[in-house]
Amino acid sequence: MGERSLLLDVGIRTVFHTVLLFGVFLLFAGHNAPGGGFIGGLVTAAAFVLRFVADPEGRSGRPLPFHPTSLLGGGIALAVLTATASWLFGGELLESGKATLDAPLLGAVKVTSALPFDIGVYLVVVGLVGTVLTTLGTEREGPT
Amino acid sequence: MTVTLALTVGVLFATGTYLLLQRTLTRVVIGLALMGHGANVLLLLAGGRAGDAPFVSDAGPPPGAADPLPQALALTAIVITFGVTAFLLALAYRSWQHTHDDDVEDDPEDKRIAALAHEQHPPARKDEG
Amino acid sequence: MRRARPILVLWLTIVWVALWGDVTVANVASGIAVALTLVFALPASGDRGRATSGGAQIRPLRALHFAGWFAWKLVEANVVVAWEVLTPRNKINEGVVAVPLHGCSDGLTMLVASCVSLTPGTLVLDVEVDPLVLYVHVLHLRTIEEVRDEVQTLEHLAIQAFGTAAARASLAADHERRRSASTDVATGKDRT
Amino acid sequence: MIETVSTIALAGLAVSGVLCAVRLIRPGSLADRMVALDALLIVVVSGIAVQAARTGDGTYLDVLVVAALLGFLGTVTVARFIERRGA
Amino acid sequence: MLLLCALAPAATVVWAITQAGDVLDGRPVTEQRSWVPSLGVELAFRLDGFALLMVALVSGVGVAIFAYASTYFSPRPDLGRFAGLLTAFAGSMLGLVLTDNLLVLYVCWELTSVTSYLLIGFEDTKAPARAAALHALLITGAGGLAMLAGFIVLGQAAGTYTFSEILAAPPSGTAVGIAAALILLGAFTKSAQVPFHSWLPGAMAAPTPVSAYLHSATMVKAGVYLIARFAPALAPIVIWWRPVVVGVGIATMLVGGLSALRQHDVKLLLAHGTVSQLGFLVALFGAGWEEATFAGAALLLAHALFKATLFMTVGIVDHAAHTRDLRQLSGLHSSLRPVAIVAVVATASMAGLPPFLGFVAKEAGLGGLLHEGSRATAVLIGIVAGSALTVAYGARFVWGAFATKAGSAGKAMAATPIDQPGAAILVPAVALTVATVVLGALPVLADPLIEAAARSLDPRVEGVHLQLWHGITVALGLSVLAIAVGAALFFGRDRVARTQERLPRTSSGTEVYQATLAGTLHLADRVTSVVQSGSLPRYLQVTLVTLLALPGVALLGGPGIPTDLPIAENPLQVVVAVLVVGAAIAAARARRRFAAVLCLGGVGYGVAVLFVIQGAPDLALTQLLVETLAVVIFVLVLRHLPERFSETPRRLSRLSRIAVAAGVGVFTASFAVIAGAARREPSISGELLARALPEGGGRNVVNVILVDFRGLDTLGEITVLAVAALGIASLVLSGRSSREAGAAAHDPDEPVPAGGHTADHPRTEAISREGTPLG
Amino acid sequence: MILATSFGDVVVSFLLLAGVALSLLAGIGLQRFPDVFARMHAATKPATLGLVLILVAAALRLADGGDVIKLLVIAAAQFITAPLGAHMIGRAAHRAGDQMGPETTVDELAAARRQRDDDD
Amino acid sequence: MRVLLPLPVVLPLLAAGTSLALHRHRWLQRALGLVTLTAVVVASLVLLLEVRADGISVVDVGGWPAPIGITLVADLFAAIMLAVSTAMLLAVLVYAIGHPATDDASRFFHPTYLVLAAGVSLAFLTGDLFNLFVAFEIMLIASYVLITLGGSQEQVRSGMTYVVISLLSSTLFVTAVALVYAATGTVNLADLAGRLDGIDPAIRNALGLTLLVVFGVKAAIFPLFSWLPDSYPTAPSPVTAIFAGLLTKVGVYAIIRTQTLLFPSDGASTVLLVLAALTMVVGVLGAISQNDIKRILSFHIVSQIGYMILGLGLFTVAGIAGAIFYIVHHIVVKTTLFLVGGLVEVSAGTGALSRLSGLARRAPVVAALFALPALSLAGIPPFSGFVAKLALVQAGLDVGQGLVIGVSLLVSLLTLFSMTKIWAGAFWGEPTEVEASDRAGGEGPLRAPRLMVGATAVLVVTSLGIAVGAGPLHDLSSDAASGLMAPDRYVGAVLDR
Ligand code: NA
Ligand code: NA
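Taken in order, these protein sequences are the chains called A, B, C, D, E, F and G.
Take the first sequence: its position 20, counted from the start at 1, is 20 in the working numbering, and no numbers get skipped.
Take the second sequence: its position 16, counted from the start at 1, is 160 in the working numbering, and no numbers get skipped.
Take the third sequence: its position 102, counted from the start at 1, is 375 in the working numbering, and no numbers get skipped.
Take the fourth sequence: its position 76, counted from the start at 1, is 541 in the working numbering, and no numbers get skipped.
Take the fifth sequence: its position 116, counted from the start at 1, is 668 in the working numbering, and no numbers get skipped.
Take the sixth sequence: its position 17, counted from the start at 1, is 1344 in the working numbering, and no numbers get skipped.
Take the seventh sequence: its position 43, counted from the start at 1, is 1490 in the working numbering, and no numbers get skipped.
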């Protein structure tokens, strides 16, 4: 039967965005502090798991706002494209590019190709956990 | 590299092995996970002494920084093992759907041959030619 | 929930900036951007459409009162449980008490339940909605009424501190009714 | 002073951690193990926080944030899904 | 179709004739193409005298056989296959005799074995044919492999695989002895020498054209061919060569002859006769004596002619009378008179009666052996005895196939009814018989070829010639003796049969073969049932025991465990380690799934703390998160499964599991410290730490490694994750689709749920104490 | 955030020791209390309070403002998630039929459930 | 060259991502797979030619010089393996597309298959021990998915065996990497070659044997092979075929690479020779005891791995050249035979010998397609297997290893016996009713889809081509073996630039 719990619902609703934000933070901070695509992705995925645990049947909407398969494909594609970008322009495979952009207001923003690569990683991790939730997570219990 | 950690690795491998040698897939998966933990700790051990987190300041790396390479390798290994374990669990689930159990059955064809082999006389086989 | 969104965005922005460690234009701007993206692209899965799920208003003094009261209860309870743990004699007398509440927003319900649960000696095992009843596990049960009183007081203080005007009005009306009825409050069992 | 105190604190946490672990390991009901695991995690987080207080180094705080935000996820999930079977 | 295919051997005959001039003059024709030069495999061909003889035989008899086969078979759809195989065989056989490279010879040798297999099994719906095909293949195949090894040993000793070079300058040493033994194994099996002869009678399951061609005229001569080539070179070097080879030949001649006398199937009778004649040939060639070699060449030709003829006649008889059992054949001498005449002539040649080629050849052999003096006495006695047997079984054949037999009660047996065959079928047999007669009467016609053949084998052959009449000689006397004894044996056949019955039956080659085959099959089953138990735990155990047995044992010889290791770098390390160890042991002991998972979680969190202590925040974070998510996934699956582990009987005892587990634990722990102490150089991480910020652009070195230094690892890793996700989806969705299919039409193949887990019986209480559910 | 060193150290020390004491309480309680519900009162709650005290101590020691807010986030998260965990475990345990102490006299939740099951 | 080297890894990965996105359009998935693998085959062949002409080709991934970053290295051995393997991948893909049961019906087939290709390529090209682990994992996870693609009960049961054993060996791989790193402080193969030289020989030996066990599981050598015959036969035919052809050979590749580069031996290695002999014997005995075409063939994989290990164990240029030639031959022939097994199953409805009969009459093309590679497998001349066997026998006898060579010859006889068992059991005999096949009842001729037959026929022709071109191919193998026996060249190419 598996009743939902009001407290769990509300509690998870309370922390959900904070966890998400933390995941994004870890993704971006990872190059200089603990974190990175994996860790950020895992935290983000955990946020969706939280929401799933509160409402496994998805009675109040889809548990995931995205199609996990597209995250998987997109993540791989982004990572591979980043990896090959420099190679296509005559550099080595996976050679990282670095640039410093002068953005208005923001000041100097350092951009490295490590970031899109890490974002690819991030997407795949979220996609994997999302796949688990939409497949194993939504199987009905009891004998088939 | 310390006695404590080496022993921990040993115990993780031993308990993992113990679980691995059983019939129930859940136990096997848990056994593999324990061995995986052992391997990861071992990887970290391979880096040598414990140290400061390998973060570089503008002044350069901290003098007592831990070896970062095994950390990166272990991280990769952990994540890969995670993915494969998830798949194995899905397999266990599918197995349960088929057999309502997660025991790993013996191969039926092998059992048939074993039965043949233990008959008293060499099996009379037709059509060998 | 809609009304809560600006607060959420603000909170997330603060956390973002804090995580990055310094307040720069870039950090604040990116924080707002990230917060807005998260809040609007990934809304929390909807509430259950209950009328009581509403926004919040904070009245600092009342909030302080609430916090103080809770802090006191927390310390007291910790001491009691510590005593129980450290003394050899066992004075435990457990029970599960149904505590009917006045009813408030989901958020406040959570707050009250969390406070109850955080306090050693009481623990919310289950919640019923419409009408709102908390089932509280008690370590040292003396009387059922004592438990109900304490939890209801907590709810009262919480609504006073954080409830909307409507909620406070409803609470006052309820008090009035109860005072005039002046009878025993029905048990949770009776109410179902 | 902080050195000494934090050493004592870590020792105390170690004892506490071992006590929690014993409850986790000892045969008992699942709920018991979950409670123990929860408590153990809090003790661990406390330990890392003590270490942070001792060194003044915030490197490991992210670990704490993750543990505090998500540490309960495991036990809650177990609780969430096993209660169905009991019911 | 078959006649068309006869064009191939016919063309070969023509080609051989064009080359004959040079060859007969002692100038071999050679041709060379490269194939695998680095392995010494050169497509080198060399047409010398002996090769020319073999070519003449293979292609000449081949033409006859193709012609015979074209009338032998009634139209059937698989004649194309037959023709193809027969042509392939002829080609292989030609290659075998023409090549001058030992390895190419082996190639052709095996090809003849394979085509022989397919041809013996041509009537593949008949189990005996299939079994006989296999029998022949395995025996000749085994010998062939030994021969290959022998060739290689010989070739490596000689430094070349060129046949003619090796024979011209044979190497010496023990290696050559070994090589000779191995090569002889090949030759003996191929040419059905005792004790490897059993396959040849079995091969009679093949259609008669095949028997006539492969199993009498050509393929079985391959071994003889090899011995003939090697004997002059190796007999002087390898001391045991002569006694062994000649001994085997004589033994085969006698065994074959005796067996032939026992046969009732006239085709089998001929087959055993072939065995006997092959022994004769081996004995003649094997000694490596010039005149015997010369005689061998002559007999080779004679045998091909008469034996192919005889098989053809048997085929005609079989087709006409629908039986080959001499107890049922009667009166065919009149109903199949032309066939009978041909058969009688061929038999006479076989029995060594003048004036046929067989006689000429045998006379040459006896004469040659007599010239060798006392060392050949034993051989002579054997050959005379064998010849007597030949006379006897020859007579038995003619009598058995064509005579009018005595029936019951003293009356003659009724003539076997026959379907009169067309005349065309006899043409090839007649042609071969004509050759037998003409060459017997005018041996000078064959003399150049035989002489060239013998001389190419042994240059010392000089001044020997084929002659019908040598005058009254000892050899002639021996011939007469053989004929007389043979006749006596034939006329006393009933007594001979009774005597043979009384002789103790030694196990025949066939029985040994069958026992070996059955034994191999049984061994295979036994071995397989041990190593391939089908049990996953057993496989895992074997893997881990191997780990202990190989590197584990190797480690024992190492420097041992260093003694100067610190206990711990930090007291907390000890505490956490104890926690991890405890939780791991609890996980191993847990009887309930969720309990085990929670303990595993405890281990994971503990390991995360170890990472913190070790100075690895990224790793600790990852570990913490992965562990949490792993618990979630475990729960998602385990919620479906029974609460407790099933305690079905285990394949591995608890003790053996503990032993292996302890071994693995000790191995990894000690290897870890030993390997750590073995380090001589600092790790490469100094570079990584130094370059991370300036070149990698990041302060978190671990992250820089992951996305930059070793980005390829990470790329691979996310690929793994993505595919794992696909796999999970694939498995779960396959379950759903089969469920939907099952809902539409109840699938009877779907297993019935095991008892106790049905919807009506919720599984045991999830949260309860170990031991009693609610206590 | 930086207090005068000596006084600050005293405060930090006090907070640390108090936090650890609460943590120890949790450990001991887990061993001593008779049933799972009782143990829940002893375990997570004092430990949570203890953790918060330690976090405050750490906040006093850490110079970085960002770090302090991280500590705040940690404390807040702990305050939200700890009771949730306890609630879910307690609920599951109660539903699965885990026993309370022998002196238990009142269980209005079980009664309510029975009532509801009868109504269905 | 710098552009070419990573292509076989990168192209399939890119295509896999794209294919995933195209999962609703099977025809696009098919076209993408075919185009990509064709391109990869071409790239691999060009790479092979270039390596032959210019020597070892090296790419520092990310521009980080070894040993900091990961290096991709194509020596002749790697290039040969790459070329053969990618060609097989392409051929089998064609076959799979032609399979009437539509093995690529699952939208996951094409992306996963492409990932498999990437993993195999990376395993051949990587010059880094840990990256080799990653490559193995890529390959394995794809293989897990492919082997369980239908999710049937049999597949799941055998899939569990496969996955669990592989997972154990992966864990041991990580353990081995850790131990190697503990002893040397590096994971770059070229760097390791030098550093391992300096440590205690016993430890070095133990590390070598640990890696041997790790790769031995993947390569299915005795006694670590038992998982293979239990798991391979249950997969769809194209999947089994590509597994049979490639996966174990990647394990063998890793064994040869590490044993020659990191743990070179002065003379023949007794351990390897004993393992080789046991692998050959036990494998062939297993094959003899089986009664199903795919199972028989599966045991032969094991048996023939023994030949490859034998070549390595001799530790001579000739031996390793023989091993390389044997691998090339085996990949083609074994893949072909499994494809034929699939043809039999498709046309006759079963692979069980007890239920098959008389196929030579009813499906003569299939019979011919079986017979040629089967003879080759048994080492019958003039097919490629003979040349391979000859090379090994010569190499073995050259260094006086008569015993193990004798064993190998006996095993080749038993192999022939086992092939005749299939031949006599399935192709000879009275044609019988076809089971479970709705397409061809009765006793008429059986048909298999043209694309499948065509792909198989191309492979048969290829295997004949190996025999015909055995001379140059053996020279190539010898060159590759010389390179392996001179590890300094590899080390120099990677480290000194
Ligand atoms: Na494999
Ligand atoms: Na059959």
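Built from N, CA and C at the ideal position, the CB exists for glycine as well.
On a predicted model such as this, the values are computed, not experimentally measured, just so you know.
Applying the criterion that 16 or more other CB atoms from any shown protein chain within 10 Å of the CB defines a buried residue, is residue i buried or exposed?
i, result
"S665(E)", "buried"
"F1762(G)", "buried"
"T469(D)", "exposed"
"P252(B)", "exposed"
"S1925(G)", "buried"
"D1077(E)", "buried"
"F1146(E)", "buried"
"N363(C)", "exposed"
For residue i, list the residues DSSP reports as bridge partners.
i, result
"T1051(E)", "According to DSSP, T1051(E) bridges with nothing at all."
Taking C-beta pairs closer than 7 Å, name the residues in chain A that residue i reaches, listed in chain order.
i, result
"G380(C)", "V10"
In whole angstroms, what separates the C-alpha of residue i from that of residue j?
i, j, result
"L576(E)", "L719(E)", "20 Å"
"A856(E)", "T712(E)", "33 Å"
"G1393(F)", "V1400(F)", "11 Å"
So, does the CB of residue i fall closer than 7 Å to a CB anywhere in chain A?
i, result
"L529(D)", "no"
Whose Cβ in chain B lies nearer than 9 Å to the Cβ of residue i?
i, result
"D1265(E)", "A216, L217 and T220"
Under 7 Å Cβ-Cβ, which residues of chain D neighbour residue i?
i, result
"V1164(E)", "I513, Y525 and V528"
Counting only beta-carbon separations shorter than 7 Å, does residue i have a partner in chain B?
i, result
"L1537(G)", "no"
"R1143(E)", "no"
How about residue i: is its C-beta nearer than 7 Å to some C-beta of chain F?
i, result
"D399(C)", "yes"
"T84(A)", "no"
For residue i, which residues in chain G fall below 7 Å Cβ to Cβ?
i, result
"G91(A)", "G1510"
Starting from the beta carbon of residue i, find every residue of chain A whose beta carbon is closer than 9 Å, and list them in chain order.
i, result
"R1251(E)", "H31, N32 and A33"
If we cut at 7 Å on Cβ distances, does residue i have a partner in chain E?
i, result
"V1840(G)", "yes"
Quick one: list the residues of chain E neighbouring residue i, beta-carbon separation under 7 Å, in chain order.
i, result
"A1543(G)", "Correct list: empty, because the minimum Cβ distance to chain E is about 16 Å."
"P207(B)", "Under the 7 Å cutoff, chain E gives no residues; its nearest Cβ is about 10 Å from P207(B)."
At 7 Å on the CB atoms, spell out the chain B contacts of residue i, in chain order.
i, result
"V132(A)", "A230"
Should residue i be counted as a contact of ligand 4 given a C-beta to heavy atom distance under 6 Å?
i, result
"A514(D)", "In terms of ligand content, the structure shown lacks ligand 4 and carries ligand 1 and ligand 2 instead."
Taking C-beta pairs closer than 7 Å, name the residues in chain C that residue i reaches, listed in chain order.
i, result
"V24(A)", "V307"
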